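What follows is a single structure, written as structure tokens, with notes after it.
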Amino acid sequence: MSDPTRPPGPRIIAVANQKGGVGKTTTAINLAAALVEAGQRVLLVDLDPQGNASTGLGLETEDRKSSTYELILEDAPLSAVVQETRIAGLWICPATTDLSSADMELVSNEKRSFLLHDALRQPDIDVFALDYVLIDCPPSLNQLTVNAMVAAHSVLVPLQAEFFALEGLSQLMLTIREVRQSANRDLRIEGVVLTMYDVRNNLSQLVEADARNTLGELVFRTMIPRNVRVSEAPSYAMPVTSYDSGSRGASAYRALASELLARHAAAKTRG
Numbered sequence: 001m002s003d004p005t006r007p008p009g010p011r012i013i014a015v016a017n018q019k020g021g022v023g024k025t026t027t028a029i030n031l032a033a034a035l036v037e038a039g040q041r042v043l044l045v046d047l048d049p050q051g052n053a054s055t056g057l058g059l060e061t062e063d064r065k066s067s068t069y070e071l072i073l074e075d076a077p078l079s080a081v082v083q084e085t086r087i088a089g090l091w092i093c094p095a096t097t098d099l100s101s102a103d104m105e106l107v108s109n110e111k112r113s114f115l116l117h118d119a120l121r122q123p124d125i126d127v128f129a130l131d132y133v134l135i136d137c138p139p140s141l142n143q144l145t146v147n148a149m150v151a152a153h154s155v156l157v158p159l160q161a162e163f164f165a166l167e168g169l170s171q172l173m174l175t176i177r178e179v180r181q182s183a184n185r186d187l188r189i190e191g192v193v194l195t196m197y198d199v200r201n202n203l204s205q206l207v208e209a210d211a212r213n214t215l216g217e218l219v220f221r222t223m224i225p226r227n228v229r230v231s232e233a234p235s236y237a238m239p240v241t242s243y244d245s246g247s248r249g250a251s252a253y254r255a256l257a258s259e260l261l262a263r264h265a266a267a268k269t270r271g
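Residues 1 to 271 in the UniProt record's numbering are what the sequence shown lists, from first letter to last.
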């Protein structure tokens, strides 16, 4: 039975797309950093066995004492897994390659779809006074991604501005619908953000028009440009907002954070 005296927890957003190379981890890292700049307290949960979100925030492999593997599969307390980053107000649950075996191990667990949900609702999460939890999902629709969707309030979909971009969304939307029906009826689509957008490229503009015609208000006004600074930042273990604060990429992620916050403020007012 839940404790009625506990304050509402943070808003949990899964950043997901089963296709790799669309800017999913880049969006998770830089949106988290931009939200912190906007005064929010954020936890980034790295659920990708590649651990790129952890590396991109400066956490070397040898420094990952516990990981999301222990959090999900070994009942480790959240406070034992969460680590500080170089950015005040931004924490991370790091990932290691141990997660690559998680899918097989989860199959035999009766609560396999709810393990991350329960882990992120431990009472010790209150210690961090979080506003947001962003979950960087693996680039596949496996048990880890389902765990993220069951744990989350909403799903944010990075969509690369390229040919056939929308066709790849159908399976993701089907998975979201299945999770709604079976385990998380309140799950919603936070929105779709176009990434690697090149204003000089006719194809980018065609994909944008197609996405807005098909998905309407679900598509964020903010688009993330193809920007060399965004690409360089991970090799320096920084979000682009720190690596080159004045770059077009940093400005775009700040605008995305502002749009997200404005949407949530408007929804709260309506509610």
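Yeah, the Cβ is synthetic: ideal placement off N, Cα and C, and Gly gets one too.
In this text the structure is predicted, and so the values were computed from the model without any measurement.
Closest by CA to residue i, which one among the options?
| i | options | result |
| --- | --- | --- |
| Thr214 | Glu259, Arg185, Thr55 and Ala165 | Ala165 |
| Leu99 | Ala38, Ser67, Glu84 and Leu159 | Ser67 |
| Glu190 | Lys19, Ala102, Leu106 and Ala257 | Ala257 |
| Tyr243 | Arg226, Glu110, Gly56 and Leu43 | Gly56 |
| Pro49 | Asp136, Ile176 and Asp124 | Asp136 |
| Leu84 | Leu159, Leu73, Glu60 and Tyr69 | According to the sequence shown, residue 84 is Glu rather than Leu. It is Glu60 whose Cα lies nearest to the Cα of Glu84. |
| Ile13 | Asn142, Pro77, Asp63 and Arg188 | Arg188 |
| residue 276 | Asp131, Leu31, Val207 and Leu120 | Only positions 1 to 271 of the chain appear in the structure, and residue 276 is not among them; the question remains open. |
| Ser231 | Lys24, Met173, Leu44 and Ser170 | Lys24 |
Please look up how many angstroms separate the CB atoms of residue i and residue j, rounded, as I've assumed it's under 8 Å.
| i | j | result |
| --- | --- | --- |
| His153 | Arg263 | Not really, about 13 Å apart at Cβ, beyond 8 Å. |
| Ala237 | Gly58 | 4 Å |
| Leu144 | Asp103 | 7 Å |
May I ask you to report which of helix, strand or coil DSSP gives residue i?
| i | result |
| --- | --- |
| Val146 | helix |
| Pro94 | coil |
| Leu78 | helix |
| Lys268 | helix |
| Gly216 | helix |
| Leu44 | strand |
| Leu130 | coil |
| Thr5 | Residue confidence for Thr5 is low, a pLDDT of 45 falling below 50, so the modelled location carries little weight; the figure read from the coordinates is stated next. In this structure, Thr5 counts as coil in the three-state DSSP scheme. |
| Val22 | coil |
| Ala255 | helix |
| Asp244 | coil |
| Pro158 | strand |
Which first and last residues belong to the beta strand (DSSP E) in which residue i is found?
| i | result |
| --- | --- |
| Ala14 | Arg11 to Val15 |
Which stretch, first to last residue, makes up the alpha helix (DSSP H) that contains residue i?
| i | result |
| --- | --- |
| Leu71 | Thr68 to Leu73 |
| Ser54 | Asn52 to Gly56 |
| Leu115 | Leu115 to Ala119 |
*Entirely enclosed alpha helix (DSSP H) segments - the region 167-242, minimum 4 residues*: As for any alpha helix (DSSP H) of minimum length 4 sitting wholly inside the region 167-242, the runs are 169-182, 202-215 and 228-232, ordered along the chain.
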